[in-house]
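Report on one structure; see the data block that follows.
Residue numbers (this note's numbering): -17 to 510.
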């Protein structure tokens, strides 16, 4: 595929992940390599233009050497040549005025200090200066030369520039917008010249001697016009893409809300049918899967995912219960009990910090908790004596539930895996289910939005958030018959496996699309 073919299919390629930022960079790459527009043999070669520039500069800048072959990063069309930034433009390095000379009361002229003042194309003043040290004129190119190096803007009025900026004033023989797009294209290369540990910066020598391509003047103007056209197309595509994503996100959020908060069974069926009909439009990114998983759990613990085989056990009307401030409908044959009634034991972790060792018994930390899974890929150990101290209240056993109640990972439940001997670290609780509830079902309820909503509402501690033990013990647990619990667990396991598969395929599709885009762009650039 050559650049013409690529640009002809521009709108289709733009749908790949990260396509638009990459396409913008690709447009600039084509532009500075002379591959965006046709060369016209009638145009005066750029070498002649460079000669005239050097004649004028000979007295003023005799120390600026010509660009050598080993400095050229890629070949140019025969009518082009390389020129240094200091030859293409006058370079004015910024200098910050004394602090008493700048203000925020708009006295004097705008004062720009660095990239923090930059907009999409023109800077926005935050400070003004009454006695400027260094000036940039209207239409000068402003380039950040310090933390970070490389970003550009254009001055839209006379202004003062601090030491984080330099002003480039292109010679009249060179198109300002052409110089600007060259600098944008070489932003990464310029940044690589930076030095310093605290604040990476480049000096005037770096900037003045940096080589950029020089095209014949008419071609510079054609390139600028074409770049404007294509970047404008990118902008329009991005706006349309953003609007589509916004509409999709709103539709997905509304669908999940109605599924989770439907007033009655008829309304639920209506919204479920809508969701299933529009599923391909609503789930397009791996990030969408979290909300889908939460919806599955929410439907499961509210009795809307499976129907019990013994229909005669269901009373005619469902029960409506106030649950965390919400009026929620549950099947009539379910009961709602506090966690203390469905758990045979609930204990808090020891409050002392474990004494870690290089080997011994596993001591779990909350950063190993995942909803429904304990991550044992990386573990830490405690000694036998520390282990015995920390299991005095209750030794974790298979299918006991670990629950994080404090810190960054808060309100997450996971079961103790089989054949695993471990003790509790900090900021967690151990819940042992009673015979009235399936461990997998209780784990599911604790991870569902029904409970996580309560956990968030009851969180205290500010910078160190936590849920009180008493709050956890008082959690309201929906409780269907044991046989129905097992049906629900089996159904959720099946749906979660489908979610895992879908998420994997979405991730693979995005990765392949990104790689394909990069390959197509690389081939287009190489074969143009």
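The C-beta atom is built at its ideal place from N, Cα and C for all residues, glycine as well.
Indicate the three-state DSSP secondary structure (helix, strand or coil) for residue 418 in the structure shown.
Walking along the chain shown from the start, residue 418 turns up at place 436. Note: residue 418 maps to coil in three-state DSSP.
Only counting the same chain, and skipping five residues up and downstream in sequence, which positions put a Cβ closer than 8 Å to that of residue 86?
Residue 86 sits at position 104 when you count from the first residue of the chain shown. If we look at residue 86 and ignore the five residues flanking it on each side, its Cβ neighbours are 108, 109 and 110.
DSSP three-state assignment for residue 126, whether helix, strand or coil
Along the chain shown, one-based indexing puts residue 126 at 144. Under the three-state reduction of DSSP output, residue 126 falls in the strand class.
State the Cα-Cα distance for the pair residue 364 and residue 448, rounded to the nearest angstrom.
Taking the first residue of the chain shown as position 1, residue 364 is located at position 382. Taking the first residue of the chain shown as position 1, residue 448 is located at position 466. Going by the C-alpha atoms only, they are around 25 Å apart.
According to the Cβ coordinates, are residue 96 and residue 126 closer than 8 Å?
The residue given as residue 96 occupies position 114 in the chain shown. The residue given as residue 126 occupies position 144 in the chain shown. Yes, the Cβ-Cβ distance between residue 96 and residue 126 is below 8 Å.
Rounded to a whole number of angstroms, what is the C-alpha to C-alpha distance between residue 494 and residue 267?
Taking the first residue of the chain shown as position 1, residue 494 is located at position 512. Taking the first residue of the chain shown as position 1, residue 267 is located at position 285. Approximately 14 Å between the Cα atoms of the pair.
Quick one: using the 10 Å Cβ neighbour count with 16 as the cut-off for buried, is residue 55 buried or exposed?
Here residue 55 is taken as the residue at index 73 of the chain shown, counted from 1. Residue 55 is exposed by the Cβ-count criterion.
What does the Cβ neighbour count give for residue 417, buried or exposed, with the cut at 16 atoms within 10 Å?
Looking up residue 417 in the chain shown gives position 435. Classification for residue 417: exposed.
Three CB pairs or more closer than 8 Å across the stretch 435 to 450 and the stretch 385 to 396
Three or more Cβ pairs closer than 8 Å define a contact, and the stretch 435 to 450 meets that threshold against the stretch 385 to 396.
Residues sharing a beta bridge with residue 183, DSSP
In the chain shown, counting from the first residue as 1, residue 183 sits at position 201. Answer is 128 and 177.
Determine which residues share a DSSP beta bridge with residue 92 and list them.
Indexing the chain shown from 1 puts residue 92 at position 110. Per DSSP, 110.
Based on Cα-Cα distance, which residue from 386, 129 and 123 lies nearest to residue 139?
To locate residue 139, count along the chain shown from 1; it is residue 157. Here the closest residue by C-alpha is 123.
Does the beta-carbon of residue 64 have 16 or more other beta-carbons within 10 angstroms, so that it is buried, or is it exposed?
Walking along the chain shown from the start, residue 64 turns up at place 82. Residue 64 comes out buried.
What residue does the alpha helix (DSSP H) around residue 164 start on, and which one ends it?
In the chain shown, counting from the first residue as 1, residue 164 sits at position 182. Its alpha helix (DSSP H) spans residues 158 to 167.
Would you mind reading off the limits of the beta strand (DSSP E) that contains residue 322?
Numbered from 1 along the chain shown, position 340 holds the residue referred to as residue 322. Run containing residue 322: none in the beta strand (DSSP E); it sits in the alpha helix (DSSP H), 321 to 324.
Spatial neighbours of residue 366 within its chain, please: CB distance less than 7 Å, with the 5 preceding and 5 following residues excluded, ordered by chain position.
Sequence index remark: in the chain shown, residue 366 carries index 384 (1-based). Here the set comprises 342 and 343.
Under the three-state reduction of DSSP, which class applies to residue 216: helix, strand or coil?
Numbered from 1 along the chain shown, position 234 holds the residue referred to as residue 216. Correct three-state label for residue 216: helix.
Enumerate in chain order the residues of its own chain whose CB-to-CB distance from residue 164 is below 6 Å, with the five nearest sequence positions on each side excluded.
Against the chain shown, residue 164 aligns to sequence position 182. 14 and 194, listed in sequence order.
Within 10 angstroms of the Cβ of residue 78, are there 16 or more other Cβ atoms? Answer buried if so, exposed if not.
In the chain shown, the residue the question calls residue 78 occupies position 96. Buried, because 16 or more other Cβ atoms sit within 10 Å of the Cβ of residue 78.
Apply the 10 Å Cβ neighbour rule to residue 146 and answer buried if 16 or more other Cβ atoms are within range, or exposed otherwise.
On the chain shown, residue 146 is found 164 positions in, with the first residue counted as 1. So residue 146 counts as buried.
Stretch pair the stretch 152 to 163 + the stretch 178 to 186: three plus CB contacts closer than 8 Å
No, because fewer than three Cβ pairs between the stretch 152 to 163 and the stretch 178 to 186 fall closer than 8 Å, the two stretches do not touch.
Starting from residue 50, trace the beta strand (DSSP E) both ways and give me its first and last residue.
Stepping through the chain shown from its first residue, residue 50 is reached at position 68. Element bounds for residue 50: n/a, residue is neither H nor E.
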